[in-house]
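J.: According to UniProt numbering, the stretch in the sequence shown is residues 1 to 142, in order.
Ideal Cβ positions, reconstructed from N, Cα and C, are used throughout, including at glycine.
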Amino acid sequence: MKNTPYFAQLFLRLALGIGFILPVMDRFGWLGAPGSPTVGWGSWTIFVDYTHSLMPYLSRPLANIIGIIATAGELIFGILLIIGYKIKLAAIGSFLLTLAFALSMLIFANYRAPFNYSVFVVSASSLLLSTFSSYKWSIDGK
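Given below as structure tokens:
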């Protein structure tokens, strides 16, 4: 059981990383068409509509820009976490991104939405990952 914390850390990195990459793929329709089983959005337009519903105070063009920024962040954080590079920075960034998402869901969707989709759990997991002093089995490898 000597390596248990390292396995847990690796599992957390991979779960978070893949959890960021799959929704990005969904937004571009790479996981199937809108309305297909297991597809959340299936197109960029549907994703931007959802983003706008969580930020109704923004115009739709601004919601599109926020969607681009969020997608870029998720893609970058996901890749960094999976390959194990700049883990602490990626974990803090993913914490802030998911916290903002959870709070928007809480306020503009309904109070259960961020809990039903475990967004606060993902946010807290990212924050926890940022507290490790070393990351075995990573490019950072400290």
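Please report the straight-line C-alpha distance between residue 130 and residue 7, rounded to a whole angstrom.
T.: Straight-line Cα distance between these residues: approximately 16 Å.
J.: Could you work out which residue in 40, 25, 9, 33 is closest to residue 117 when comparing CA atoms only?
T.: It is 40.
J.: Just verifying my parser: in three-state terms, what is the DSSP assignment at residue 39?
T.: Coil.
J.: One question on the structure: do residue 63 and residue 71 come within less than 8 Å of each other, judged by their Cβ atoms?
T.: Not in contact: residue 63 and residue 71 (Cβ atoms no closer than 8 Å).
J.: For residue 111, count neighbouring C-beta atoms within 10 Å of its own C-beta (all shown protein chains included) and say buried if the count is 16 or more, exposed if not.
T.: By the neighbour-count rule (16 or more Cβ atoms within 10 Å), residue 111 is not buried but exposed.
J.: Find out if the Cβ-Cβ distance for the pair residue 119, residue 102 is shorter than 8 Å.
T.: Yes, they are a contact pair.
J.: Do you know offhand how far residue 4's Cα is from residue 32's?
T.: Taking the straight line from one Cα to the other gives about 37 Å.
J.: Can you name, in chain order, every residue of its own chain whose Cβ lies under 8 Å from the Cβ of residue 48, other than the five neighbours on each side?
T.: Here the set comprises 60, 63, 64, 67.
J.: Hey, would you say residue 16 sits closer than 8 Å to residue 126, going by beta carbons?
T.: Yes, they are a contact pair.
J.: Please report the straight-line C-alpha distance between residue 35 and residue 73, rounded to a whole angstrom.
T.: When rounded, the distance between both Cα atoms is 26 Å.
J.: Check each candidate in 30, 53, 89, 75 and name the one with the smallest Cα separation from residue 133.
T.: Residue 89 is the option with its Cα nearest to residue 133.
J.: Please confirm whether residue 78 and residue 135 have their CB atoms less than 8 Å apart.
T.: Contact: no.
J.: Considering only residues of the same chain and omitting the five flanking positions on each side of residue 44, which have a CB-CB separation below 6 Å?
T.: Excluding sequence neighbours, residue 44 sits near 27.
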